[in-house]
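Novice:
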Amino acid sequence: MIFSFSIQGCSDDSNSATNFKQEIAAAAKQAYAELYEVWLTNNQQDAHAAMWYQGNALDTMIDYIAVTQNDALGVELGNEIDLLWPGAIKEGRWFDDFGWWGIAILNAARNYKLLGKTSVDDYRDKAYEMLDKMLYASQVWSLYQKHQSPPYKSAVPCDTNRWSAYAPRFEGGVWNSLYGILDNCPTEIDPSTGDSYPSGDPSDIYINPKQNTVTNGLHLVLSARYYRQFGDDKIFETANNEWSWFNNWISLPDIPVEQCLGMPNSHCDDLFDANDVKPSLLDSNTKLIRERVGIFALNEGCYAIDPVYKCKSVNRDAMVWTGDQGLVIGGMVDLMDMEGATDFPDSDSVKQILDGVLDYLTQTQKGCPYDSLPEGVLRPWIYFNGWQEGCDGEGFQLDRTGENYKTGPGVFMRYLLYAYQNNEDLRDYIKSNYRGVIFANASAVMDENYECGCCNHSIAEGSPYDICNLACQTNRLASLIMALAIL
Numbered sequence: 014m015i016f017s018f019s020i021q022g023c024s025d026d027s028n029s030a031t032n033f034k035q036e037i038a039a040a041a042k043q044a045y046a047e048l049y050e051v052w053l054t055n056n057q058q059d060a061h062a063a064m065w066y067q068g069n070a071l072d073t074m075i076d077y078i079a080v081t082q083n084d085a086l087g088v089e090l091g092n093e094i095d096l097l098w099p100g101a102i103k104e105g106r107w108f109d110d111f112g113w114w115g116i117a118i119l120n121a122a123r124n125y126k127l128l129g130k131t132s133v134d135d136y137r138d139k140a141y142e143m144l145d146k147m148l149y150a151s152q153v154w155s156l157y158q159k160h161q162s163p164p165y166k167s168a169v170p171c172d173t174n175r176w177s178a179y180a181p182r183f184e185g186g187v188w189n190s191l192y193g194i195l196d197n198c199p200t201e202i203d204p205s206t207g208d209s210y211p212s213g214d215p216s217d218i219y220i221n222p223k224q225n226t227v228t229n230g231l232h233l234v235l236s237a238r239y240y241r242q243f244g245d246d247k248i249f250e251t252a253n254n255e256w257s258w259f260n261n262w263i264s265l266p267d268i269p270v271e272q273c274l275g276m277p278n279s280h281c282d283d284l285f286d287a288n289d290v291k292p293s294l295l296d297s298n299t300k301l302i303r304e305r306v307g308i309f310a311l312n313e314g315c316y317a318i319d320p321v322y323k324c325k326s327v328n329r330d331a332m333v334w335t336g337d338q339g340l341v342i343g344g345m346v347d348l349m350d351m352e353g354a355t356d357f358p359d360s361d362s363v364k365q366i367l368d369g370v371l372d373y374l375t376q377t378q379k380g381c382p383y384d385s386l387p388e389g390v391l392r393p394w395i396y397f398n399g400w401q402e403g404c405d406g407e408g409f410q411l412d413r414t415g416e417n418y419k420t421g422p423g424v425f426m427r428y429l430l431y432a433y434q435n436n437e438d439l440r441d442y443i444k445s446n447y448r449g450v451i452f453a454n455a456s457a458v459m460d461e462n463y464e465c466g467c468c469n470h471s472i473a474e475g476s477p478y479d480i481c482n483l484a485c486q487t488n489r490l491a492s493l494i495m496a497l498a499i500l
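Residue numbering for the sequence shown follows our numbering, starting at 14 and increasing by one per position.
1) When the Cα atoms are used, what is the spatial distance from L128 to V80?
2) Relative to the C-alpha of I263, which candidate in L301, K34 and R241 has its C-alpha closest?
3) Please classify N221 as buried or exposed, where buried requires at least 16 other C-beta atoms within 10 Å of its C-beta.
4) What do you reckon, are the CB atoms on A70 and T487 nearer than 8 Å?
5) Is the distance from the Cβ of L265 to the Cβ of P292 below 8 Å?
6) Do you know how far the Cα of A178 is from the Cα of Q67?
7) Determine the direct distance from the alpha carbon of D350 to that of P358, and round the result to whole angstroms.
8) Would you call A484 buried or exposed, if buried means 16 or more other Cβ atoms sit within 10 Å of its Cβ?
9) Do the segment 33-51 and the segment 94-109 make contact, defined as three or more Cβ pairs closer than 8 Å?
10) Please list the segments of the beta strand (DSSP E) lying wholly inside the segment 301-373, counting only runs of 3 or more residues, in order along the chain.
11) Here's a check: name, in chain order, each residue in its chain whose Cβ is nearer than 7 Å to the Cβ of A122, leaving out the five neighbours to either side.
12) Report yes if the C-beta distance between T226 and V341 is below 8 Å; otherwise report no.
13) Output needed for D347: all residues of its chain with C-beta closer than 7 Å, excluding positions within five of it in sequence on either side, in chain order.
14) Whole angstroms is fine: what's the gap from D356's alpha carbon to S257's?
15) Using DSSP's beta-bridge definition, name the partner residues of Q272.
16) With a Cβ-Cβ cutoff of 8 Å, do T335 and L371 count as a contact?
17) V306: which of Y157, S29, T228 and I75 sits nearest, CA to CA?
18) Once DSSP output is grouped into helix, strand and coil, what is the label at L295?
19) So, using beta-carbon positions, are V333 and T299 closer together than 8 Å?
20) Give me the Cα-Cα distance between Q434 and S151, rounded to the nearest whole angstrom.
21) Identify the continuous alpha helix (DSSP H) that holds I395 and give its terminal residues.
22) Find the nearest neighbour of Y89 within the set N398, K130 and L156, judged by alpha-carbon distance.
23) Can you list, in chain order, the residues of its chain with a C-beta nearer than 6 Å to that of N92? Leave out the 5 residues immediately preceding and following it.
24) Look up N225 in the DSSP assignment and say whether it is helix, strand or coil.
25) Report all residues from its chain with a CB closer than 6 Å to the CB of R392; omit the five preceding and five following residues, and keep chain order.
26) Exposed or buried, which one is K379 when buried takes at least 16 other CB atoms within 10 Å?
27) Are W154 and A117 closer than 8 Å when you measure CB to CB?
28) Please name the residue, chosen from D384, I395 and Q338, that lies closest to V363 on a Cα-to-Cα basis.
29) Whole angstroms are fine: how far does the CA of D245 sit from the CA of I443?
30) Among N462, G344 and Q43, which one has its Cα closest to the Cα of L429?
31) Helix, strand or coil for L127 per DSSP?
32) Taking the alpha helix (DSSP H) that M147 falls in, what are its first and last residues?
33) If you check the beta carbons only, do R427 and A310 fall under 8 Å apart?
34) Between the alpha carbons of F452 and A41, how many angstroms are there, rounded?
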């Protein structure tokens, strides 16, 4: 879909301001219609690949209903949620899949009347179901130590020392998948069906099993918002533990650590000239949140290192995703006034990350000659280097063309909206510092030349489940909603 709208800019003239808002409103209406059409498709052949994208998109569509107070669209969307839910949820595999849907359902619960419901109970139950499915994510290390893999509850003989150096540095966090267990130990579990859940080697450069920011951020937001909306002391403890994990990692001094040599690693050798690794989740130079933790627990005086930071073949400084910044500030906003939370964050902590986004994620960085996005427009990740000809864009490190990570601007804008709506101090900060960025993004997504990369996913081009279509339309709508809210 090509947007034919353009922004002429704002002036002090009230007619110009009115026309400007009408222009954005028309573009947002068009973007919602396109995203809705892609989101509700029921092509089961590609359902698993699109599952988390649909949860991400739903959250933004509900934001549109809430900001515009459109009852008719709300009732229509509410009915489709009921129809799509059973088929979508059974497609979950990775623990974060359930986080995206759970948070969207909590958004539905906050707007249940607009969605045509007379009670919030069904949405509450669905959100709790998603929390329950993420329960195993917090038990990954303990399950490995017991050589158990749910729902199998009996221990079996296994190599107990294979990954002893890969214990978590801090308690309270979650993993994106299970540790694969050797020999005859059960290795796979899907929280929704009981089989075929991803598992892997923690020394591998691949994406699992890791304590990555997106899975922990989703778990934090889901548990904190559930508690804020419905109470439940058990869920409060979950949110508080998750925040303690984040706070420990963010507060960790960002200085190089002593690396363990001779660790099992199939992708890079333990060489003395390996990268120095700074362990904090908060990059001390950019003030941005890194994509995953870099080290494990202290083991015999040294630390096992995630190869994504150690290997020379990977740019360790480029492991920053725009969507993670949104998730973390969203969770911090939820924790700020939560009575009883341990070392709860303040608005200055959020502003530090927001300042980092302005400095490093809204403008071309040194060494990125192919980044043609206008200044002020959100990049999907740090050191973004454009979408190359033939759809062979330089993806986010381990994701080839960045199909998952290109959703970053939309995720960030959704949580920027949440901060704007739910914290007065941040609302003033966003008005003063982000107004230009918000309108630059709105202008960009309405431009007929707007780019969001191409899709090299195995899903056939033109499929209703075109991942790029779901991702890009969500980015568009989230950017336009933020502009509508601040006007």
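Every residue, glycine too, gets a C-beta built ideally from N, C-alpha and C.
Specialist: A quick look at the data gives this:
1) So the two alpha carbons sit approximately 13 Å from each other.
2) L301
3) Buried is the call here.
4) yes
5) yes
6) So the alpha carbons of these two residues sit roughly 37 Å apart.
7) 9 Å
8) buried
9) no
10) Fully enclosed beta strand (DSSP E) runs of 3 or longer: 308-312 and 315-318.
11) V133, Y136, R137, A140 and Q242
12) Yes. Within cutoff.
13) Closer than 7 Å at Cβ, skipping near neighbours: V234, A237, R238 and R241.
14) 8 Å
15) Y316
16) no
17) T228
18) strand
19) yes
20) 30 Å
21) Run containing I395: none; DSSP gives neither H nor E here.
22) The identity of residue 89 in the sequence shown is Glu, whereas the question assumes Tyr. Checking every option, the nearest Cα to that of E89 belongs to K130.
23) Nothing meets the Cβ criterion.
24) Collapsing the DSSP output to three states places N225 in a strand.
25) L374
26) By the neighbour-count definition (other C-beta atoms within 10 Å, threshold 16), K379 is an exposed residue.
27) Not a contact, by the Cβ cut-off of 8 Å.
28) The candidate whose alpha carbon is nearest that of V363 is Q338.
29) 32 Å
30) G344
31) coil
32) Secondary structure note for M147: it is in no alpha helix (DSSP H), with a DSSP letter that is neither H nor E.
33) no
34) Between F452 and A41, the C-alpha separation is close to 13 Å.
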